[in-house]
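Undergrad: One structure is given below, represented as structure tokens, and several questions about it will come after.
Residue numbers (the numbering used here), protein chains in the order written: chain R, 632 to 760; chain C, 632 to 760.
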């Protein structure tokens, strides 16, 4: 697959992938992909990332059910960032239950945060440990 | 500044920053910031990145004039990605002259690209070497 070879992976074999809601244009999250997760994403049209903390493929939504259907994939000029246009099942992308991971706006000259009121689910119920 | 201390910089002291057009919601680019560039961005409301290739602060638009006015800054759940909502002066963010860096859509199962017809300027004229 041409894409897999064109991508400039970083020293750890990873590339950042931004997930953007296809309908609203909201940035839902940014995570990382390795070659294997990118290949699976292209093949299945579901977002598959690489979890740096768990050191393994992260099939987004495998636990929460909040999978991301990938409608299109875009590569940037330097071929070192990916943009996914997605349909977010369950309406929430963030493990905190917020719709997007970027629920904190920086205010007061960098000294405080204003939190978005966009909680969709209760993490304690969705992630049963 | 609280933000500067809360941010989880990577091993190289950097954090990815996504620039999104405030009006259209388009993702214009993703670049990197270090503590110094983030501090200057917050202070001046202009996007200042850190160039990994040139190993110095990159005041976006310093050569092309295409500066980014920063309207808001958002921090993600893990405090390791920034999102900037910007007003892009000159209508183009990419050094190729394209409006956004993500002008290539991946098609044909990852084997080809469809290029957006969104060229705003001629790089040879804007970047006089």
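All C-beta atoms, glycine included, are put in the ideal place defined by N, C-alpha and C. All figures in this text were calculated on a predicted structure; none of them were measured in a lab.
Mind listing which residues of the region 694 to 715 of chain C have their C-beta closer than 7 Å to chain A's C-betas, in chain order?
TA: Looking at the structure shown, chain A is missing, and the protein chains on hand are R and C.
Undergrad: For the region 729 to 758 of chain R, list every residue whose C-beta sits within 8 Å of some C-beta in chain C, in sequence order.
TA: 729, 732, 733, 734, 735, 736, 737, 740, 741, 742, 743 and 744
Undergrad: Which residues in the same chain have their Cβ closer than 8 Å to the Cβ of residue 668 of chain R, if we skip the five residues on either side of it in sequence?
TA: 679, 680, 681, 688 and 689
Undergrad: Residue 633 of chain R touches chain C at which residues, Cβ-Cβ below 8 Å?
TA: 741, 742 and 743
Undergrad: Whole-angstrom Cβ separation of residue 664 of chain R and residue 707 of chain C, contact assumed at under 8 Å?
TA: The Cβ separation is near 17 Å, so there is no contact.
Undergrad: Does the separation of the CB atoms of residue 759 of chain C and residue 742 of chain R fall below 8 Å?
TA: no
Undergrad: Note down the Cα distance separating residue 711 of chain C from residue 756 of chain R, rounded to an integer number of angstroms.
TA: 25 Å
Undergrad: Do residue 696 of chain C and residue 721 of chain C come within 8 Å of each other at the CB atom, strictly closer than that value?
TA: Yes. Within cutoff.
Undergrad: Flag residue 719 of chain R as yes if its beta-carbon sits less than 8 Å from any beta-carbon of chain C, otherwise no.
TA: no
Undergrad: Report buried or exposed for residue 642 of chain R, applying the criterion of at least 16 other Cβ atoms within 10 angstroms of its Cβ.
TA: exposed
Undergrad: Just to confirm the assignment, what range does the alpha helix (DSSP H) spanning residue 695 of chain C have?
TA: Taken as a continuous stretch (DSSP letters only), residue 695 of chain C belongs to no alpha helix (DSSP H), as it is neither H nor E.
Undergrad: Can you name the residues of chain R whose CB is closer than 7 Å to the CB of residue 727 of chain C?
TA: 708
Undergrad: Nearest to residue 746 of chain R by alpha carbon, out of R:752, R:754, R:723 and R:729?
TA: R:729
Undergrad: Name the DSSP beta bridge partners of residue 737 of chain C, please?
TA: In the DSSP assignment, the residues bridged to residue 737 of chain C are R:704 and C:744.
Undergrad: By the 10 Å Cβ neighbour count, where 16 or more other Cβ atoms means buried, how is residue 686 of chain R classified, buried or exposed?
TA: exposed
Undergrad: Does any residue of chain C have a CB that is nearer than 8 Å to the CB of residue 646 of chain R?
TA: no
Undergrad: Rounded to whole angstroms, what's the CA-CA distance from residue 752 of chain C to residue 734 of chain C? Just pull it up for me.
TA: Note on geometry: alpha-carbon atoms of residue 752 of chain C and residue 734 of chain C lie some 14 Å from one another.
Undergrad: Among C:709, C:704, C:655 and C:726, which residue has its Cα nearest to the Cα of residue 709 of chain R?
TA: C:726
Undergrad: Give a yes or no on whether the minimum CB-CB distance between residue 692 of chain C and chain R is below 8 Å.
TA: no
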